[in-house]
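Chemist: For the first sequence, our numbering gives the first residue as 124, with consecutive numbering after it.
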Amino acid sequence: MQPDYHPESIERQAQQHWDDRQTFRATEQSAKPKYYCLSMFPYPSGKLHMGHVRNYTIGDVLSRYHLMKGYNVMQPMGWDAFGLPAENAAIQNKVPPAQWTYDNIAYMKQQLKSLGFAIDWSRELATCKPDYYKWNQWLFLRMLEKGIAYKKTQVVNWDPVDQTVLANEQVIDGRGWRTGAIVEKREIPGYYLGITQYAEELLSDLDKLPGWPERVKTMQANWIGKSIGVRFAFTHDIRNDAGAAINDGKLWVFTTRADTIMGVTFCAVAAEHPLAAHAALSDKKLADFIDKCKHGSVMEADMATMEKEGMDTGLKVTHPLTGEQVPVWVGNYVLMSYGDGAVMAVPAHDERDFEFANQYELPIKQVLENTLVYTTELKAEFPRESYEHAYFDTKIWKAWYASKSPDEVLLFNSGKYNGMSHAEAVDAIATDLAKLGLGEKKVQWRLRDWGISRQRYWGCPIPIIHCDACGSVPVPDDQLPVKLPEDCVPDGSGNPLHKRADFLNCACPKCGKPAKRETDTMDTFVDSSWYYARYASGFKSDAMVDEETSYWMPVDQYIGGIEHAILHLLYSRFWTKVMRNLGLVKYDEPFANLLTQGMVLNHIYSRRTDKGGIEYFAPEEVATIRDAAGKVLGAKALADGQPVEFQGMGTMSKSKRNGVDPQALIEQYGADTARLFMMFAAPPEQTLEWADSGVEGAHRFLKRLWASAYKNERHIEFALESRKKGRFDWNDEAWKNAAPSQNGLRHQIHRILQQANYDLSKHQFNTVASAAMKLLNTIEEIEPEAVEAGKGYTPSGNVQAELACESFSILLRLLSPICPHITHALWRELGYGEDILHAPWPEPLAAALEQDEIELVLQVNGKLRGNMLVAKNADKATLERLALAHVAVQKHLAGATPKKIVIVPGRLINIVA
RNA sequence: GCCCGGGUGGUGAAAUUGGUAGACACAACGGACUUAAAAUCCGUCGCUCGAAUAAAAUCGGCGUACCGGUUCGAUUCCGGUUCCGGGCACCA
């Protein structure tokens, strides 16, 4: 064997070996248990970044580990190939998104291959191919038939300069990222999927997912947000010009806090609400305000953080229970798309209403009793006169409320409901409203239906044809797929499909007259909602999925970034349930076990353009300015020397230009070093700030491993030879006769292995990597001189050779999922066998783990004072006697009598004095 | 703003989930080898703390973002604060 480690040649040979034998080609015919290991497929943005390397290495470690554990493993790969960045690239480079995408796929595929992942490439797919997205269209049509898909208006960001719809990402501080123009909200029609019809099951089935991280399940449950409340109406007699009562004289609202209904002092409606529009007809200032509300982005984070503004409409509605006249305000924080676009306001017991009431001097009426004492401190901070009997700062109130059980807080100031608890009051009030025909109990979900229409070119066409005579007509199944022309070059304004007569013009499937195709495309989350089932289904052209999915599905291990904790994972769960209800699949949930990888972060630098848009700089394009502690204060662009802004750390992404390409790393050190370093850096679920400062160390370890194997080559050969000839019987008896130092080393080796196997079961790969390093450190303590050629037959020499042989075999197998190339090569070079992947997974031997004596820690009053060796089965009395007699204990007890002795078996003795 | 995570040496991190804080590495420093450098090997490495000493060994104190609590014992559990990251429905 070669004396030095040459990664490029051994990696090429190992990959060739796997290619030649089709090692990772998965088949459905196997007696072994199946293991479907899936990493979230990448968007083909151009190059891999470190987040990809992390994600796919984690998946590969799990795949290879299970392969050696005796599973029938399938690990596929594909491309989430539709999306916005391809259009941006087209605008910049004037290349069609299709060509840019296919070029990127080719490059990134070669990068993935060079990392040596155990992928079954025969199952590769790309979502931008018609044979894939045909089935998006097909299932969408089934959903239309079932009433799951429907059409209604949606609010979008509109750039008035580019005359185009903007993605949320393209809105920076309320302005278009290219034009800098103030963004407007626009209402346009679009298609929705009724995910709320599945809300109950999506929530309750979280309990069927013990293999998912708790935090992801919590996030999904909060997102679905089931709450039981009351929908009710204020009445009015406000009539439009035609004399008809607006909305039948009812202002509907929803509340989860119906018990506070007697504390309502005003109502707030969205700017788009019919009452607001009516009032604006005769009020110029109100009309201007409503117009102003239409500017700004539609993002929830922006809505929630913006200054709450409102204006009185001058209109009054009647409280259904008190008969009081309640003023109606327009509030910029009320969303038309939530519920009925109107809310009741109870400033005494709602933080947002409180803030609004304070700002506009609206009355506050307390209706929940409160035994919190109005202290002088509170008076100083909240001195307003009307606070005399109520302490309405809702932060204080909420803290007080949270310290009580809901039944302890009773209603007061609420007429006939006085003295009732929360639950009693909600029931009584709902009953009274129902008697009046003005309300009822209702389950309300925070979850909204999924709007899938995108006014963009590079996506899956929505299979609808618009006919003047017949309206919106679904494309018949036999005309699927509706193919997207692949040669368009978007220029940033409008949808290029509008200019494509060959795509646009068609015949109405119903009446045959000339008609126009829908030009909206589907949200790319549709593409990623079922790709896992397609991998598993043999790519039939006549079916979306087939019976083979029932062999592989559900996915046994899904791996992907925590940023997908809600949307992608929830949509996939929903899509699965729709497919199940259509009889296409038999499982309820797509992903049995989930590992959410922590983000790989890097610095983000940006600068405002002259127009008011935003421009990002890659970290290597700037020189950072740091303070004494090394904290980044700012930076200057290397190109022009002008300042750029440091935006903090953020996840690696194409759009923020802060991705790090692993190519240089792979070329300089090899794939094994890149993989090892990535796994060693941090546990998989932890966020990681990118720095390559440890790469050298990972590479140094692999060089040491190779050198050590080279040094031990002859001893291992000798030991393997001896085993074959049956010259020595390496049973427990034989080891008992070996020297204590040799048994000590063997004990250490098996202890490290035991811990590493435990860490693997927890998916904590960084400590598995460090276990490999510890194993090598331990192996280097074995003295190889004793078995130099020709002198290897002394009893001690035999033990040394056998110890080296056993230890290396453990180390190579343990390391092989992380560093498959070097371990593949060394396994063969040292003569262990043809293919390490066919070797069984190493397990520690009970006999090697056994120890006669154990070390116990001695504490006095919880402080470490010493330790002692005791027989492993020493009884309690002996332990106490030995501990009290210990010199360090005696010293710290200083003659005091122990009050208590705490013994933790196998660990410590704490003497409390 | 709301929901979910996280904060441990100069750095990445570990601690068998309430029991020796800092394993394994990186960087730095010192040494060996070398004409020299690289590579390699050996050693030191939480603290502008205290005692001891010529120097060390050694002994002790403090230390897991901050404040408080529970416990014989807290990086781990509970309450509060703060900073950082992820998500917030058209980035994927």
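Just so you know, even glycine gets a beta-carbon here, dropped at the ideal spot from N, CA and C.
1. Apart from the five residues on each side of it in sequence, which residues of its chain come closer than 7 Å, Cβ to Cβ, to P597?
2. Exposed or buried, what is V1027 when buried is set at 16 or more other beta-carbons lying within 10 Å of its beta-carbon?
3. Inspect the beta-carbon positions of G721 and P806 and report whether they are closer than 9 Å.
4. Identify, in the order they occur along the chain, each residue of the same chain with its Cβ nearer than 6 Å to the Cβ of W141, setting aside the five sequence neighbours on each side.
5. Looking at the secondary structure, which residues open and close the alpha helix (DSSP H) in which A957 lies?
6. Roughly how many angstroms lie between the CA atoms of K157 and Y710, to the nearest whole one?
7. Tell me, which residues are paired with A758 by DSSP?
8. I'd like to know if the region 789 to 805 and the region 229 to 249 are in contact, where contact means that at least 3 CB-CB pairs between them fall below 8 Å.
9. Starting from W281, follow its DSSP beta bridges and name the residues at the other end.
10. Tell me which same chain residues have a C-beta within less than 6 Å of the C-beta of Y510, skipping the five on either side of it?
11. Between the C-alpha atoms of D371 and A468, what's the straight-line distance to the nearest angstrom?
12. Below 8 Å on the Cβ atoms is my guess for V1035 versus N984; work out the distance and round it to an integer in Å.
13. If the criterion is Cβ atoms closer than 9 Å, does the pair V723 and L811 meet it?
14. Starting from the Cα of Q136, find the closest Cα among V980, S168, R988, P943 and give me that residue.
15. Quick one, which of D650, W281, H726 has its alpha-carbon nearest G419's?
16. Between S939, H822, W698, R731, which lies nearest to N259 when the distance is taken from Cα to Cα?
17. Would the beta-carbon of R579 fall within 9 Å of that of L316?
18. For T747, which of Y728, D763, K734, G735 has the nearest alpha-carbon?
19. Within a Cβ cutoff of 8 Å, which residues of the same chain sit near C631, ignoring the five residues on either side of it in sequence?
20. Report buried or exposed for A1017, applying the criterion of at least 16 other Cβ atoms within 10 angstroms of its Cβ.
21. Please report the distance separating the alpha-carbon of I945 from that of L825.
22. My understanding is that G562 touches P443, with C-beta atoms under 8 Å, so please give their C-beta distance in whole angstroms.
23. Check whether the Cβ atoms of D650 and Y314 sit closer than 9 Å, and answer yes or no.
24. Under a three-way DSSP split, which group does Y256 fall into?
25. Do you know offhand how far E508's Cα is from D360's?
26. Since W346 and L693 are thought to touch, with beta carbons under 8 Å apart, how far apart are those beta carbons, to the nearest angstrom?
27. What three-state label does DSSP hand P220 in the structure shown?
28. My parser needs the beta strand (DSSP E) runs of 3 or more residues fully inside the region 833 to 872; what are they?
29. Is it a yes or a no for the region 991 to 1007 touching the region 880 to 895, going by three-plus beta-carbon pairs under 8 Å?
30. Check this for me: beta carbons of A394 and I413, under 9 Å apart or not?
31. Could you pull the start and end residues of the alpha helix (DSSP H) that C629 belongs to?
32. At what residues does the alpha helix (DSSP H) containing R951 begin and finish?
33. Buried or exposed for T1001, please, with buried defined as at least 16 other CB atoms from any protein chain shown within 10 angstroms of its CB.
34. Say whether the region 829 to 840 touches the region 948 to 958, bearing in mind that this needs 3 or more beta-carbon pairs closer than 8 Å, one atom from each stretch.
35. For Y674 versus A688, is the C-beta distance shorter than 9 Å?
36. Using the three-state DSSP reduction, which class does N781 fall into: helix, strand or coil?
Modeler: Judging by the given coordinates:
1. L264, L267, P586, I587
2. exposed
3. Yes.
4. none
5. Sequence check: residue 957 is Glu here, not Ala. Neither: E957 is in no alpha helix (DSSP H) and is coded neither H nor E.
6. 16 Å
7. T747, V767
8. Contact holds: three or more Cβ-Cβ distances are below 8 Å.
9. V288, E307
10. Interpretation of Y510 is limited by its pLDDT of 47, a score under 50 that renders its predicted location unreliable; the figure taken from the coordinates is listed afterwards. Excluding positions up to five away in sequence, the list is empty.
11. D371 and A468 have their C-alpha atoms some 22 Å from each other.
12. 6 Å
13. Against a cut-off of 9 Å, the Cβ pair of L811 and V723 comes out as a contact.
14. P943
15. W281
16. Ranking S939, H822, W698, R731 by Cα distance to N259 puts W698 first.
17. no
18. Y728
19. I588, C590, A592, C593, V596, P637, A638
20. exposed
21. 8 Å
22. 7 Å
23. no
24. helix
25. Low per-residue confidence applies at E508: pLDDT is 48, beneath 50, and the placement is therefore not dependable enough to give any value.
26. About 7 Å; that satisfies the 8 Å criterion.
27. helix
28. none
29. At 8 Å Cβ cutoff, the stretches do not touch.
30. yes
31. That residue, C629, is in no alpha helix (DSSP H); its beta strand (DSSP E) goes 628 to 630.
32. 943 to 952
33. exposed
34. yes
35. no
36. The answer is coil: DSSP assigns N781 none of H, G, I, E or B.
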